[in-house]
Amino acid sequence: MLTALRQGARTTVAKVFLIIVSVAVVAGLGFGGFIGNIGQRTVLAVGDAEISAETFQIALQRQLNRLSQQLGTGLTLEQARLFGLDRQLLSQLASEAALNSEAERLNIGVSDDRLAERIASDPIFLQTGGFNRQFFQQVLRSYGITEDEFVADTRSFAARQQLALGLVGGMQPANAMLEVANIYANELRTISFLTIDEAALGERPDPTEEDLRAFYNERSGDYRAPEFRSIVYMALSEADLADPSAVSAAEVQAAYEAELDELTSAGERDITQLLFQDAAQASTARGRLAAGETVSDLLADNALEFTITELGAVQRSAILDQAAGDAAFALDQAGPTDVIDGRFGSVIMLVNELVDDSVTPLAGVEDRLRQELANAAARDEIFSLYDAIEDARAGGDPLDQIAPRFELELVTVDALDANGFGRDGEPVDLPDTDSLIAETFESDVGLENDTLDTADGGFVWFEVTGVEDARDLTFEEARERVLIDWRAEQLDEMLRERAGELVGELERGRSIDTLSIALDLPITTTAPFTRGEAPDEMGGPATVAAFEGGEGHFGDVEGPPNAEGETLTRLVFVVDDVTRPAFFEEAADVQQLAEELGPALEDTVLTQYVGALQTSLGVQVNQTLVAELTGGGNPSRQ
Numbered sequence: 135m136l137t138a139l140r141q142g143a144r145t146t147v148a149k150v151f152l153i154i155v156s157v158a159v160v161a162g163l164g165f166g167g168f169i170g171n172i173g174q175r176t177v178l179a180v181g182d183a184e185i186s187a188e189t190f191q192i193a194l195q196r197q198l199n200r201l202s203q204q205l206g207t208g209l210t211l212e213q214a215r216l217f218g219l220d221r222q223l224l225s226q227l228a229s230e231a232a233l234n235s236e237a238e239r240l241n242i243g244v245s246d247d248r249l250a251e252r253i254a255s256d257p258i259f260l261q262t263g264g265f266n267r268q269f270f271q272q273v274l275r276s277y278g279i280t281e282d283e284f285v286a287d288t289r290s291f292a293a294r295q296q297l298a299l300g301l302v303g304g305m306q307p308a309n310a311m312l313e314v315a316n317i318y319a320n321e322l323r324t325i326s327f328l329t330i331d332e333a334a335l336g337e338r339p340d341p342t343e344e345d346l347r348a349f350y351n352e353r354s355g356d357y358r359a360p361e362f363r364s365i366v367y368m369a370l371s372e373a374d375l376a377d378p379s380a381v382s383a384a385e386v387q388a389a390y391e392a393e394l395d396e397l398t399s400a401g402e403r404d405i406t407q408l409l410f411q412d413a414a415q416a417s418t419a420r421g422r423l424a425a426g427e428t429v430s431d432l433l434a435d436n437a438l439e440f441t442i443t444e445l446g447a448v449q450r451s452a453i454l455d456q457a458a459g460d461a462a463f464a465l466d467q468a469g470p471t472d473v474i475d476g477r478f479g480s481v482i483m484l485v486n487e488l489v490d491d492s493v494t495p496l497a498g499v500e501d502r503l504r505q506e507l508a509n510a511a512a513r514d515e516i517f518s519l520y521d522a523i524e525d526a527r528a529g530g531d532p533l534d535q536i537a538p539r540f541e542l543e544l545v546t547v548d549a550l551d552a553n554g555f556g557r558d559g560e561p562v563d564l565p566d567t568d569s570l571i572a573e574t575f576e577s578d579v580g581l582e583n584d585t586l587d588t589a590d591g592g593f594v595w596f597e598v599t600g601v602e603d604a605r606d607l608t609f610e611e612a613r614e615r616v617l618i619d620w621r622a623e624q625l626d627e628m629l630r631e632r633a634g635e636l637v638g639e640l641e642r643g644r645s646i647d648t649l650s651i652a653l654d655l656p657i658t659t660t661a662p663f664t665r666g667e668a669p670d671e672m673g674g675p676a677t678v679a680a681f682e683g684g685e686g687h688f689g690d691v692e693g694p695p696n697a698e699g700e701t702l703t704r705l706v707f708v709v710d711d712v713t714r715p716a717f718f719e720e721a722a723d724v725q726q727l728a729e730e731l732g733p734a735l736e737d738t739v740l741t742q743y744v745g746a747l748q749t750s751l752g753v754q755v756n757q758t759l760v761a762e763l764t765g766g767g768n769p770s771r772q
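Heads up, the sequence shown is in my numbering, so the first residue is 135 and it goes up one at a time.
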């Protein structure tokens, strides 16, 4: 709580959000006499302060918008309720009302000058040259609050912040607490353990039919068939309509010519650039290169002064000097260009190799172009068919009559559960699975359903033809699952029993080394580990158990899960070594603990303080009205 108040002072977005919520509170608080019963349109009362339904709705909608922005998707009110947004908002409104009341009682406030300074110095309202009133008003409008509301609540917010910081601001954990926290976070343990698995148990008896029936009868509610629905559907997609063979050669040729620019790869020249400061020397060198001499020959002539740059194989666009690039690419064979008057001197572009422009032949792209043209034609046709099918449905025709008329396959699904599985437990192959499944279980037999859009631009029409209610499976239907579960429970019981026997041996003074030899089981000894960084071979439960006693502590615990998430082993362990960490108050890890514990202490104390204020003032919540406003049913008023 205090963290939110602190961050509200530093972080503009957080502060504005808190103010938005609180504006709703301030607007709805009435300080007239407390009658004793909450009014029918009052959501919350804290002492004499009442928060109206309208105030609550405004705050709830703003919270909902904020949460939607954080999640990147629009949330419904029902989804927000699942997040507990309504309860969080009630708690926040009650806390703020209690703090506002106490701040007023203690005459805590802020002067007009300080309030103006606080608002004017807020970074969100600063433009070049300082505070910009027009921008200030623009920001407030974007959040849906007026200037008067913002100013009033900034004053209220400042009072709450002063009260909270004055009470618990700057709290730091005592060294004794830090020492305990340091031990908890950094103490090292080393353990040795034996792994008891199925192989260590010997032969396992098979169950009798009576065993399985008894097991089933005790757990019959665990073996249920889900609700199944049978449907028929027909799907229409571009892929169904696209016919590449119907595209003419002339159409393909026209598409090819339209893409020639994209299908053309620019040519390259392998170039050596020679830069001369003396134009006469450049002219001499150019003549010698044209006569067949090489760059090496020129370098051997001490009378010539020039620099060489190997440009390598480049396209025309890579040469920044337009004149030099034009000259190099104007040559139709290897050799030197004429001397070019460049920006930094006289330049010769020596072209060593030419690679002309290349065009992908029609044969290389014909299949793609033909398919794209077919898809485009299908896109036009699909909407015509859609309109015709919708007209038929509007006329009352069922899908089993429409499908053959438009040469579409009518697919029958005999059984589909709400998770998309069939009676055999395997996924059912469906178009646009998610929406079709959801709509199937929203519909019923005999209802006409909305057409579904598919991700590939197509459509799906469906009808529910049957509903099979969820039910208990008979023993015969569930027998295979019952056998699997019986064996799993038997294995767990036998593992626990065997591990318990070994723990009994340890209690009687035998060592884990002796047990290892007697059972021919290897001992695993871990590297030192902390509570937060245990070896994978131990698993979480073993990590917890290892810290439940000191050196020499022993016990048994379930082993780590396998790749399928099943726990098929138990570990019998002994704590070999306990190493407590040194405590230095100035150490970085101890300082980190202090930084984490300080805010936690502040929040704990402030939460208790606010709770005491609410108890003193009295808090009443009109649960019936809250349920009405949030769509959460109709509970009784409290």
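Quick reminder that beta carbons are idealized off the backbone N, C-alpha and C, glycines included.
Boundaries of the alpha helix (DSSP H) in which residue i is found, first to last residue
i              : result
alanine 310    : 309-320
glycine 699    : Segment: none, glycine 699 is in no alpha helix (DSSP H) and carries neither H nor E.
serine 290     : 281-302
isoleucine 516 : 496-528
alanine 187    : 187-205
glutamate 736  : 722-751
threonine 758  : 757-764
alanine 231    : 219-239
CA nearest to the CA of residue i, picked from the options
i              : options                        : result
isoleucine 325 : Leu503, Pro662, Leu201         : Pro662
glutamine 296  : Ala334, Arg323, Ser245         : Ser245
leucine 727    : Glu361, Ala308, Leu617         : Ala308
valine 493     : Ala679, Gly732, Leu397         : Leu397
leucine 586    : Asn553, Asp566, Thr599, Thr210 : Asp566
glycine 745    : Val180, Thr176, Thr664, Leu433 : Val180
glutamate 543  : Val366, Ser202, Ser430         : Val366
glycine 765    : Pro378, Pro733, Glu582, Gly218 : Gly218
proline 656    : Met483, Gly666, Ala697, Phe707 : Phe707
proline 695    : Gly674, His687, Arg714         : Gly674
serine 364     : Phe575, Ile474, Thr443, Val386 : Phe575
threonine 342  : Trp620, Gln725, Asp551, Leu216 : Trp620
alanine 425    : Pro470, Arg252, Asp374         : Pro470
threonine 701  : Phe555, Ala250, Leu629         : Leu629
valine 485     : Leu519, Glu729, Ala572, Leu423 : Leu423
glutamine 505  : Leu301, Asp374, Thr428         : Asp374
Beta-carbon gap between residue i and residue j smaller than 9 Å
i                 : j                 : result
glutamate 685     : valine 712        : yes
serine 290        : asparagine 234    : yes
aspartate 472     : arginine 420      : yes
alanine 359       : arginine 527      : no
isoleucine 523    : phenylalanine 540 : yes
leucine 791       : leucine 194       : Missing from the structure shown is residue 791; the chain here goes from 135 to 772 and no further.
phenylalanine 362 : arginine 613      : no
alanine 537       : alanine 376       : no
alanine 468       : methionine 483    : no
glycine 600       : valine 616        : no
alanine 549       : glutamate 602     : yes
isoleucine 242    : alanine 293       : yes
alanine 437       : glutamine 411     : no
leucine 312       : phenylalanine 717 : yes
Heavy atom of the ligand NAD within 8 Å of residue i beta-carbon
i           : result
alanine 676 : This structure lacks the ligand NAD; in fact it carries no ligand of any kind.
Run of the beta strand (DSSP E) containing residue i, from where it starts to where it stops
i              : result
isoleucine 405 : 402-410
threonine 418  : Here threonine 418 belongs to no beta strand (DSSP E); instead the alpha helix (DSSP H) covers 413-424.
aspartate 534  : Note, aspartate 534: premise wrong, no beta strand (DSSP E); alpha helix (DSSP H) at 533-539.
alanine 179    : 176-180
glutamate 692  : 688-692
Which runs of the alpha helix (DSSP H) at least 4 residues long sit entirely within the segment 635-676? Give them in chain order. Runs of the alpha helix (DSSP H) inside the segment 635-676: 646-653.
For the 8 Å Cβ check, are there 3 or more pairs between the segment 555-573 and the segment 611-627? no
Counting only runs of 3+ residues fully inside the segment 439-496, write out the beta strand (DSSP E) ranges in chain order. 440-449, 474-476, 479-489
Given 8 Å, three or more beta-carbon pairs between the segment 580-596 and the segment 368-377: yes
Below 8 Å, can you find three or more Cβ-Cβ pairs linking the segment 628-647 to the segment 325-340? yes
Do the segment 329-340 and the segment 729-744 make contact, defined as three or more Cβ pairs closer than 8 Å? Segments in contact, no.
Is the segment 383-401 close to the segment 489-501, with three or more CB pairs under 8 Å? yes
Assess, as a yes-or-no matter, whether the segment 348-359 is touched by the segment 521-537 under the definition of 3 or more beta carbon pairs within less than 8 Å. A contact is defined here as three or more CB-CB pairs under 8 Å, and the segment 521-537 fails this definition with respect to the segment 348-359.
At 3 residues or longer, what runs of the beta strand (DSSP E) sit wholly inside the segment 559-608? 593-602
Check whether the segment 396-415 and the segment 445-464 are in contact - that is, three or more C-beta pairs closer than 8 Å. The segment 396-415 vs the segment 445-464: in contact.
Measuring CB atoms only, is the segment 268-284 touching the segment 206-218, in the sense that at least three cross pairs come out at less than 8 Å? no
At which residue ranges does the segment 341-377 contain complete alpha helix (DSSP H) runs of 4 or more residues, listed in the order of the chain? 343-352, 372-375
Check whether the segment 451-463 and the segment 428-437 touch, using three or more Cβ-Cβ pairs below 8 Å as the test. no
Unbroken alpha helix (DSSP H) runs of length 4 or more, entirely within the segment 243-279: which are they? 246-254, 267-277
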